[in-house]
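A quick write-up on the structure given underneath.
2 protein chains.
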Amino acid sequence: MPSARRIPEATVARLPLYYRALLETADQHVGTVSSERLATLAGVNAAKVRKDLSYLGSYGTRGVGYDVEFLLHQISRELGLTHDWPVVIVGVGNLGHALANYRGFGARGFQIVALVDADPTKVGTRVGDLSVAALDDLPRVVADCGIAIGIIATPAGAAQEVADRLVDAGVTSILNFAPAVVSVPTGVSLRKVDLAIELQILSFYQQRKVPGVDGQRGDVPRAAEGVG
Amino acid sequence: MPSARRIPEATVARLPLYYRALLETADQHVGTVSSERLATLAGVNAAKVRKDLSYLGSYGTRGVGYDVEFLLHQISRELGLTHDWPVVIVGVGNLGHALANYRGFGARGFQIVALVDADPTKVGTRVGDLSVAALDDLPRVVADCGIAIGIIATPAGAAQEVADRLVDAGVTSILNFAPAVVSVPTGVSLRKVDLAIELQILSFYQQRKVPGVDGQRGDVPRAAEGVG
DNA sequence: GGGACTTTGAGAACGATTGCACAAGCGCGG
DNA sequence: CCGCGCTTGTGCAATCGTTCTCAAAGTCCC
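Going down the list, the sequences are from chains A and B. If you want my numbering, it's the position in the first sequence, counting the first as 1, plus 1. If you want my numbering, it's the position in the second sequence, counting the first as 1, plus 1.
Next comes the structure, spelled out in structure tokens:
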């Protein structure tokens with residue numbers, strides 16, 4: 002069982018980074034890692050690694066470091082990655098299609114087990130080895146497959162309704178790719194990924210690098226400005 | 002020109018939300034918005050909106066609110082959205098393909114003007130109305146199109162090399178979708194979107210909702226836990 | 001067995017972000 | 001022209017997150 006301790010949100014967001022770094026380390030048959038090395042692999046600093054890991058428990062050995070296999074096990078347990086999660090994607094447009102075929106999910110324990118779309122012309126078509134179900138079938142699909150996690154890959158206008166339907170169907174974790182604010186009841190987790198917003202944030206800092214000029218290339222002065 | 006004032010990173014990350022909310026508001030021919038209303042539309046609270054906007058300047062009118070058009074103009078200027086940004090995507094796999102066809106970018110001022118891939122069998126193929134260029138052509142492509150922003154949509158193993166090449170070619174802002182840590186020189190902005198990590202974070206909180214049980218559905222107790 | 005060296009774990013200082021509370025400013029109606 | 005109601009802008013306190021620092025605890029070598 003995961004430790005009952007409260008783990009800060011910022012730490013939770015970094016655990017997957019450590020997990021990934023540890024997987025790479027384990028592949029190289031390395032027995033232990035120091036916080037220093039783990040930090041390099043995860044792209045953070047060592048103090049943060051130690052503090053983050055200390056929230057999970059005292060799993061390191063002073064003078065030695067962390068046992069790779071053991072720490073992997075602890076983190077995967079904490080993240081709930083000891084078993085596969087079935088996932089449903091709603092919206093089989095450009096993005097939904099790509100997400101359905103994205104191998105990165107399966108490789109990390111997330112199985113896309115169902116695709117759903119509101120468009121009747123898409124229902125029944127095959128994507129990979131799945132066939133698209135109707136939006137109205139969502140409750141049955143979710144129940145049958147034991148789905149707790151749903152992905153919204155619809156246009157912005159449909160996002161809130163889809164979220165509501167996902168929640169009604171019993172989904173309690175939602176990843177929203179639609180560029181819209183959606184709200185969910187307490188007890189349902191929601192994360193959002195907005196691709197255009199990421200570019201807009203880059204645009205902000207880019208804008209400030211070449212003051213007054215419309216972003217065309219040339220000898221760009223290397224400002225000391227970074228992006229977190 | 003953008004105000005010289007330093008704007009906190011957290012605020013910068015929210016400006017695009019306000020921008021989107023204001024666009025919707027403007028569509029409805031509403032002349033002014035209060036911070037309260039803007040907060041609702043952007044999914045944050047009113048105090049935060051006011052504080053964020055105050056970093057840009059005193060653009061509101063007490064007792065009235067913010068002029069929608071004027072504020073839109075100010076924010077788009079600050080974000081550098083007064084002109085289109087040409088963008089190159091490196092890696093034309095599943096994800097690169099979807100990103101190339103994603104309409105959300107064009108709609109917000111980001112034009113995908115070039116696609117690049119290291120695979121010789123992909124070079125020359127057409128995706129939408131673009132043809133895929135070779136990785137070695139990157140410097141020419143970047144220079145010709147005046148590209149400052151690059152998107153990495155390659156497998157993890159290629160990410161660092163691609164980032165290096167983008168930087169060499171003159172790109173100073175990078176959005177990385179590959180599940181790998183990449184480092185860039187000072188002066189180059191880097192943001193990352195890792196799809197699997199988002200799911201893993203959801204998995205963490207999901208895991209804690211149904212203690213001891215392997216995530217299957219049923220009568221899930223509504224915990225008061227949320228995800229930021 | 002003991003001393004030098006390494007690395008963790010945690011306390012404390014620091015910095016960033018959030019949320020509260022309220023004065024100041026503006027429009028409107030009388 | 002004045003007072004009232006509304007909404008912004010901001011000082012302040014609280015919270016959250018990061019970084020520094022160092023004692024404690026282990027290994028390794030002699």
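Using N, Cα and C, we set each Cβ at its ideal position, and we do this for glycine too. None of these values were measured; they are calculated from a predicted model.
Q) Does the region 184 to 200 of chain B come close enough to the region 11 to 23 of chain A that 3 or more CB-CB pairs lie under 8 Å? A) yes
Q. Would a C-beta distance cut-off of 7 Å place A/V31 and A/V69 closer than the cut-off?
A. yes
Q: For B/D120, count neighbouring Cβ atoms within 10 angstroms of its own Cβ and tell me buried if that reaches 16, exposed if not.
A: exposed
Q) If you follow the alpha helix (DSSP H) that B/D165 is part of, which residue opens it and which one closes it? A) A157 to A170
Q) With 16 other CB atoms within 10 Å as the buried threshold, where does A/V93 fall? A) buried
Q.
What would DSSP say about A/E10, mapped onto helix, strand or coil?
A. helix
Q.
Tell me the residue span of the alpha helix (DSSP H) that contains A/G97.
A. N95 to N102
Q: May I ask you to verify whether the region 120 to 135 of chain B touches the region 40 to 58 of chain B, counting CB pairs closer than 8 Å and requiring at least 3?
A: no
Q) Does A/Y19 have its Cβ less than 7 Å from a Cβ in chain B? A) no
**Q.** Beta-carbon neighbours of B/S204, restricted to chain A and to distances below 7 Å
**A.** L80, G81, L82 and W86
Q: Measure how close the beta-carbons of B/L1 and A/S132 come, nearest whole angstrom, since I'm counting them as under 8 Å.
A: Since the first residue shown for chain B is 2 and the last is 229, residue 1 of chain B is missing from the structure and cannot be characterised.
**Q.** B/H84 in three-state terms, based on DSSP
**A.** coil
Q: Rounded to whole angstroms, what's the CA-CA distance from B/T12 to B/V45? Just pull it up for me.
A: 12 Å
**Q.** For B/F178, the nearest candidate out of B/D169, B/D138, B/P156 and B/V185 (CA to CA)
**A.** B/P156
Q: Report the three-state DSSP secondary structure of A/G107 (helix, strand or coil).
A: helix
Q: Taking only runs that begin and end inside the region 32 to 86 of chain B, name each unbroken alpha helix (DSSP H) of 4 or more residues, in chain order.
A: 36 to 43, 47 to 57 and 69 to 80
Q) Taking contact to mean at least 3 C-beta pairs separated by less than 8 Å, is the region 144 to 156 of chain B in contact with the region 174 to 193 of chain B? A) yes
(Q) Here's the rule: buried if 16 or more other CB atoms are within 10 angstroms of the residue's CB, otherwise exposed. What is B/A108? (A) exposed
**Q.** Beta-carbon proximity of A/L72 to A/G110, cut-off 7 Å
**A.** no
Q. Among residues of its own chain, excluding the 5 on either side of A/L189, which ones have a beta-carbon nearer than 6 Å to its beta-carbon?
A. Checking the displayed sequence, the identity of residue 189 of chain A turns out to be Val instead of Leu. Correct list, in chain order: V168 and T173.
Q) Roughly how many angstroms separate the alpha carbons of B/A159 and B/L136, rounded to a whole number? A) 12 Å
**Q.** Distance between A/A149 and B/S36 (C-alpha atoms, nearest Å)
**A.** 35 Å
Q: Tell whether a beta-carbon distance below 7 Å holds between A/G64 and A/V34.
A: no
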